[in-house]
Amino acid sequence: MNILKQSNNLKDYLPNFALLFILLLSLTLETYSQNKVALALEECIKIGLENNKAIKISKSKVESASAKSKETDASLLPSLKFNGGYTRLSEVDPFEVNTPYGKMSISTQVFDVFTLRLSASQPIFTGYRLQNSSDMMELQKAASENDYMADLGNLTFDIKNAYWNLYKALEYYKSIKSNKEMMQAHLDDIQNFYDAGMALFNDVLKVKVQLANTDLMLLDAENAINLSMISLNTIIGLPIDTKIEILTMMDTNIVNIPDVNLLLDTALVNRPELKGMELRVKAIENSVNIAKSGWYPQIFASANYYFNKPNSRIMPTRNEFIGTWDIGITISYDVFNWLTVPHQVEQAQASLNQTILGLQQLKDVISLEVSQNYLSLKKAIDKIRVARVADEQAKENVRITKEKFLAGLATNTDLLDAENASLVADINLINSYIDYEINYSKLLKSLGK
């Protein structure tokens, strides 16, 4: 009876266990699907530009420079200020004068003093300092925008580089796995030969050793995939455990490369870093003019409206709010300040010279970068042509050698050598195509595209 009762209880719990199992399985599958995403190269670039923290920092620098420019522009406009105050004075004996008619108070005693003032000021002439400051900040803002564009270009290249390295790791794995399948077939053949007394056990061991080496290569390839996946996820701002499925395939069509002189001209026109440096040269030219403004007088206009109780301008004193105003012009000029202004001009001019030299140095660096990337791309194209031929020949060599091996006209070692050569040729072909993609992207970056 107890056994039957336990059996019935088990039947009651089975649906609950099944429901729980299905729920856990669905959650596991959902979590797995959330961490797996198929992305084309352009989608990776878009995600990276939206998520990358360095780009967000660069963009905030542009916003800061824009706000600084607006702040400087505001100094050209009139300013309006309001001041107010209250003062309680201690009580004192009134000031009285004795007259034939008795004592007479000279003024009304006021112990509660209220002061309200509205002030306006406007710079009229500052030796062109304010206008040059405004122009300088506008140029600095434009320079920061070009820095932002340069950061976008650098990140775009980094994403392409990581994407194609992941693609290369995946292709490595496929190539090695294919080679392992070919090696397994070879092992089956040599094992059959050995069983038939047509091969030595040493021949079987050679193939097994080679097969074990292929397994080690597969482990390395899997590790390379994981590392490349983590690198790409980090750059584009995805969780590092995200499994990315590659959608963009490498293009086997080779582009025609323009003349290197045309590429150099394009880079010197398009590179945002160069544009930013040219703008900074102009900005520092304005800083020289700002330093020279100390040689000129400074002229300001001001106006004030007072609404005080009592108003000190009203005599005799009256304990009531009364409004008065004034307007004026202020001129200041440094007659002698121990050559402070010439020294300031000298500092600004030295900074300008440094920036001009930095601009020339940047042009040299860009020219060198374009030339190197041009030669690297040409080399990658040449390697593709050679690797294509070598891969075709290696595959044909495997086919012929295997036929001879099965016919007893080639040794086991000959077939192993042919299979290894085929793997090397296949990997070299993959390398050449990926090197081409990366070097082409690098050349585009150096051209400012």
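Following my numbering from start to finish, the sequence shown increments by one per residue and tops out at 1136. Positions of the beta carbon are idealized from the N, C-alpha and C atoms, including for glycine. Quick caveat, the model's predicted, so the values are computed rather than measured.
Given this structure, state the Cα-to-Cα distance separating residue i from residue j, to the nearest angstrom.
i: A725; j: G735; result: 15 Å
i: E750; j: S1128; result: 29 Å
i: S756; j: E965; result: 18 Å
i: I944; j: Q1034; result: 46 Å
i: F1023; j: S974; result: 22 Å
i: T1042; j: V1052; result: 15 Å
i: I912; j: Y1061; result: 29 Å
i: S681; j: L839; result: Not covered by the structure: residue 681. The range shown for the chain is 688 to 1136.
i: A1067; j: Y854; result: 17 Å
i: R1000; j: V800; result: 14 Å
i: I1087; j: I1125; result: 35 Å
i: N900; j: R967; result: 58 Å
i: Y993; j: I1018; result: 23 Å
i: S1038; j: P959; result: 22 Å
i: A752; j: T774; result: 43 Å
i: S865; j: K1082; result: 12 Å
i: H1030; j: D928; result: 59 Å
i: L764; j: L1055; result: 47 Å
i: Y850; j: D875; result: 38 Å
i: I986; j: D1021; result: 12 Å
Looking at the strands, I want to know which residues DSSP matches up with residue i.
i: A990; result: A807 and I1014
i: N995; result: I1009
i: Q985; result: S1019
i: R775; result: D799
i: F812; result: I986
Could you check what DSSP says for residue i in three-state terms: helix, strand or coil?
i: D822; result: helix
i: A837; result: helix
i: R1075; result: helix
i: E932; result: strand
i: S766; result: strand
i: K1136; result: coil
i: L726; result: strand
i: T786; result: strand
i: P1003; result: coil
i: G1045; result: helix
i: W1025; result: coil
i: M937; result: coil
i: A978; result: helix
i: L905; result: helix
i: R958; result: coil
i: V1032; result: helix
i: T1098; result: coil
i: V894; result: helix
i: V1173; result: Since the first residue shown for the chain is 688 and the last is 1136, residue 1173 is missing from the structure and cannot be characterised.
i: L714; result: Unreliable placement is indicated for L714, whose pLDDT of 47 sits below 50; no coordinate value is reported for it.
i: G924; result: coil
i: D952; result: helix
i: D780; result: coil
Does any CB atom of chain B fall closer than 8 Å to the CB of residue i?
i: P810; result: The structure shown contains no chain B; it is built from a single protein chain.
Return the Cβ separation of residue i and residue j in integer angstroms, given the expectation that the two are a contact with Cβ distance under 8 Å.
i: S915; j: N957; result: Not quite, the Cβ-Cβ distance comes to about 30 Å (not below 8 Å), so this is no contact.
i: T935; j: L728; result: 4 Å
i: G924; j: N739; result: 6 Å
i: N1099; j: I877; result: 6 Å
i: L803; j: N995; result: 7 Å
i: H873; j: E1106; result: 7 Å
i: K1070; j: D1122; result: 7 Å
i: T1004; j: V797; result: 6 Å
Mind pulling the alpha helix (DSSP H) runs of 4 or more residues that sit fully within the segment 726–763? Secondary structure in the segment 726–763: the alpha helix (DSSP H) runs of 4 residues or longer, each lying completely within the stretch, are 728–738 and 740–761 in chain order.
Please give the ranges of any alpha helix (DSSP H) in the segment 844–889, keeping only runs that are unbroken, at least 4 residues long and fully inside the region. You should have found no qualifying run.
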